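Asker: Take a look at the following structure, please.
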Amino acid sequence: MPPALGLSFAASPVIGRVAAGLLVSAFLACGGRVKAAPLRVGEAVLEPVPFSALPGFAHDDLAAALAAFRATCAAPAGPVLAEAAPGAPSQDLARPCAASVDVPPEGARTFFEQNFSAYHVLRPSRDTLSERSNGFLTGYFEPELAGSPVPNPDFTVPALGRPDDLVSLEPGETRPGLDPSFRAARRDGDAFLPYPDRAAIEDGALGARARPLLWLRDAVDLLVLQVQGSGRVRLPDGRSVRLAYDGRNGRPYTSVARLIVTGGHLPLEGLTLARWTGWLRAHPDIARDLIRRNASYVFFRIDESIPEGTGPRGGAGVPLTAGRSLAVDATLWRYGLPFWLEGTLPDPEGGSAPLHRLVVAQDTGSAILGPARGDLYLGTGARAGATAGLLRDPARFVVLLPKQGTAGAAP
Numbered sequence: 001m002p003p004a005l006g007l008s009f010a011a012s013p014v015i016g017r018v019a020a021g022l023l024v025s026a027f028l029a030c031g032g033r034v035k036a037a038p039l040r041v042g043e044a045v046l047e048p049v050p051f052s053a054l055p056g057f058a059h060d061d062l063a064a065a066l067a068a069f070r071a072t073c074a075a076p077a078g079p080v081l082a083e084a085a086p087g088a089p090s091q092d093l094a095r096p097c098a099a100s101v102d103v104p105p106e107g108a109r110t111f112f113e114q115n116f117s118a119y120h121v122l123r124p125s126r127d128t129l130s131e132r133s134n135g136f137l138t139g140y141f142e143p144e145l146a147g148s149p150v151p152n153p154d155f156t157v158p159a160l161g162r163p164d165d166l167v168s169l170e171p172g173e174t175r176p177g178l179d180p181s182f183r184a185a186r187r188d189g190d191a192f193l194p195y196p197d198r199a200a201i202e203d204g205a206l207g208a209r210a211r212p213l214l215w216l217r218d219a220v221d222l223l224v225l226q227v228q229g230s231g232r233v234r235l236p237d238g239r240s241v242r243l244a245y246d247g248r249n250g251r252p253y254t255s256v257a258r259l260i261v262t263g264g265h266l267p268l269e270g271l272t273l274a275r276w277t278g279w280l281r282a283h284p285d286i287a288r289d290l291i292r293r294n295a296s297y298v299f300f301r302i303d304e305s306i307p308e309g310t311g312p313r314g315g316a317g318v319p320l321t322a323g324r325s326l327a328v329d330a331t332l333w334r335y336g337l338p339f340w341l342e343g344t345l346p347d348p349e350g351g352s353a354p355l356h357r358l359v360v361a362q363d364t365g366s367a368i369l370g371p372a373r374g375d376l377y378l379g380t381g382a383r384a385g386a387t388a389g390l391l392r393d394p395a396r397f398v399v400l401l402p403k404q405g406t407a408g409a410a411p
């Protein structure tokens, strides 16, 4: 018995010799190595996969992924994940970030292969093989809406700025007496209380703390803006203003589109953003009730720091890149991690194309929960919105985890 195994069979010499023989055979069959326990993140098991087994990896625009990765490296550090769970891998990106600084575009593939190891994100507890081997991918975008700096008959619904009593909680952070599922609180002296839900906010619960930044056409435009997290608002004088995410009330998110489907109002098949928002506008009384059932409420700020033509800032604090920025569950994955996606990308004009692409975790969302769940940022405007509305498909998630103890920069 190799001393490294540290096993003893003193209780029964016969059984001990048989068991020891079996273990030695297994040990030798593995080439003299003990197979390490699998890495785990949340419900997922991470299965190593060679880069050569990733279809299209060698032909993807990896320079674009490298640029997104470097941008995240340059951002201030985000919340620190708890990595103490048994089998949890290190997600420390310090070494690959340092190695990426001088990598030329043509060295992107070598950089990723030298500094990362690829792992298929598997969910063994799921019922079907497809669910075990695939996650779920949706899309989001930055809408372009009409608005006004002052209320008038055409613009009646305010987009509110962040209230001064809102306390946002980082992933895993809690407050005494507060439901752990809430991601924000209301400061009341030394105490923390649940923040009002959407219905209460609409009914005036914030009082003087409700600060309108701009006024939108209706509650449907506000809902779209809040679901996407940011947007550009075109004012009557022709100026364009970006409303950027600035926190939410921390209440659980409920998909209004899903409520429309489960309520029997529209079928899931062919459900696009334009169709379900059009249905809401055509049925204002039902729409008000459905929208208020989504307790989550997002606040904004006017962001003049990013020029037009550049994506909004994601949770990582850097501008998002269309087709390369991924929103992930920030309680499980660190911003900056690259992910290889294998799925399909719909075409608003019909059909679809294979999606084989390296993306970077740069954002999060209240509906993005679990290790194999992602939301792909697709850009600004109507076409991006049409594509995002159609993208809700199974996809294979492969995470690139940093190699430990190496600083191999690509030449």
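Quick note: the sequence shown uses full-length UniProt numbering, first residue 1, plus one each step.
Yeah, the Cβ is synthetic: ideal placement off N, Cα and C, and Gly gets one too.
Bear in mind the structure is a predicted one, so any value in this text is a computation, not a measurement.
#1: Buried or exposed for residue 458, please, with buried defined as at least 16 other CB atoms from any protein chain shown within 10 angstroms of its CB.
#2: With the cut-off set at 7 Å, would you say A219 and I291 are in Cβ contact?
#3: Drop a sphere of 10 angstroms on the beta-carbon of N134, count the other beta-carbons inside from all chains shown, and report buried for 16 or more, exposed for fewer.
#4: Look at E43 and R109 and say whether their C-beta atoms are less than 7 Å apart.
#5: Here's the rule: buried if 16 or more other CB atoms are within 10 angstroms of the residue's CB, otherwise exposed. What is P163?
#6: Just to confirm my understanding: we take residue 492, look at its own chain, exclude 5 residues before and 5 after, and list those with CB closer than 8 Å. What are they?
#7: Look at the alpha carbon of A257 and the alpha carbon of Y245, and state the distance between them as a whole number of angstroms.
#8: Flag this pair as touching only if the stretch 300-307 and the stretch 241-255 have three or more C-beta atom pairs under 8 Å; answer yes or no.
#9: Which of the three DSSP states is assigned to F112 in this structure?
#10: Suppose the cutoff is 7 Å on Cβ atoms and the five residues either side in sequence are ignored; what does the same chain contact list for A63 look like?
#11: What does Y245 pair with, by DSSP beta-bridge criteria?
#12: Within the same chain, show all residues whose beta-carbon is closer than 7 Å to that of T54, passing over the 5 residues directly before and after it, in chain order.
#13: Check the C-beta distance from P96 over to F116 and give it rounded, since I have them as a contact under 8 Å.
#14: Suppose the cutoff is 6 Å on Cβ atoms and the five residues either side in sequence are ignored; what does the same chain contact list for V224 look like?
#15: Identify, in the order they occur along the chain, each residue of the same chain with its Cβ nearer than 7 Å to the Cβ of R392, setting aside the five sequence neighbours on each side.
#16: Is it the case that the Cβ atoms of P38 and V45 are separated by a distance below 7 Å?
#17: Note down, in chain order, each residue of its chain lying with its Cβ closer than 6 Å to the Cβ of R396, except the 5 sequence neighbours on either side.
#18: Among W276, L214, G381, T277, which has the Cα closest to the Cα of G147?
#19: Could you check the C-alpha separation between A327 and T272 for me, to the nearest Å?
#20: Tell me which same chain residues have a C-beta within less than 7 Å of the C-beta of D92, skipping the five on either side of it?
#21: Around the Cβ of V150, are there at least 16 other Cβ atoms within 10 angstroms (buried) or fewer (exposed)?
#22: Please report the distance separating the alpha-carbon of A372 from that of C73.
#23: Grab me the residues of T254's own chain with a C-beta within less than 8 Å of its C-beta, minus the 5 sequence neighbours each way, in chain order.
#24: Quick one: what does DSSP say V18 is sitting in, helix, strand or coil?
#25: For P212, I'd like the list of residues in its chain whose CB is within less than 8 Å of its CB, leaving aside the five on either flank, ordered along the chain.
#26: For L235, which residues in the same chain have their Cβ closer than 7 Å to its Cβ, ignoring the five residues on either side in sequence?
#27: If the criterion is Cβ atoms closer than 7 Å, does the pair V167 and Q226 meet it?
#28: With H, G and I counted as helix, E and B as strand and the rest as coil, what does DSSP make of F141?
#29: Relative to the ligand NAD, is the shortest distance from any of its heavy atoms to the C-beta of A58 smaller than 6 Å?
#30: How far does the beta strand (DSSP E) with S255 in it extend, from its first residue to its last?
#31: In three-state DSSP terms, what is E308?
#32: In terms of residue numbering, what span does the alpha helix (DSSP H) encompassing F69 cover?
#33: Between which two residues does the beta strand (DSSP E) holding D363 run?
#34: Would you list the residues sitting across from N152 in a DSSP beta bridge?
Answerer: Reading off the structure:
#1: No answer is possible for residue 458: the residues shown for the chain start at 1 and end at 411.
#2: yes
#3: buried
#4: no
#5: buried
#6: A query on residue 492 cannot be resolved here, the shown segment of the chain reaching from 1 to 411 and no further.
#7: 21 Å
#8: yes
#9: helix
#10: P105, A108
#11: F300
#12: The sequence given here has Leu at residue 54, not Thr. Excluding positions up to five away in sequence, the list reads A118, W340, V398.
#13: 7 Å
#14: P143
#15: T138
#16: yes
#17: N134, E342
#18: L214
#19: 20 Å
#20: P402
#21: exposed
#22: 23 Å
#23: R293, N294, A295, S296
#24: Its pLDDT being 34, under 50, V18 is placed unreliably by the model, and the measurement read from it follows with that caveat. It is helical.
#25: P151, P158, A159, L160, G161
#26: G147, S148, P149, V241
#27: no
#28: strand
#29: Inclusion of the ligand NAD in the displayed structure is not the case, the ligand content being empty and no account of it being possible.
#30: First-last for S255: undefined, no H or E at that position.
#31: coil
#32: 62-74
#33: 352-363
#34: F155
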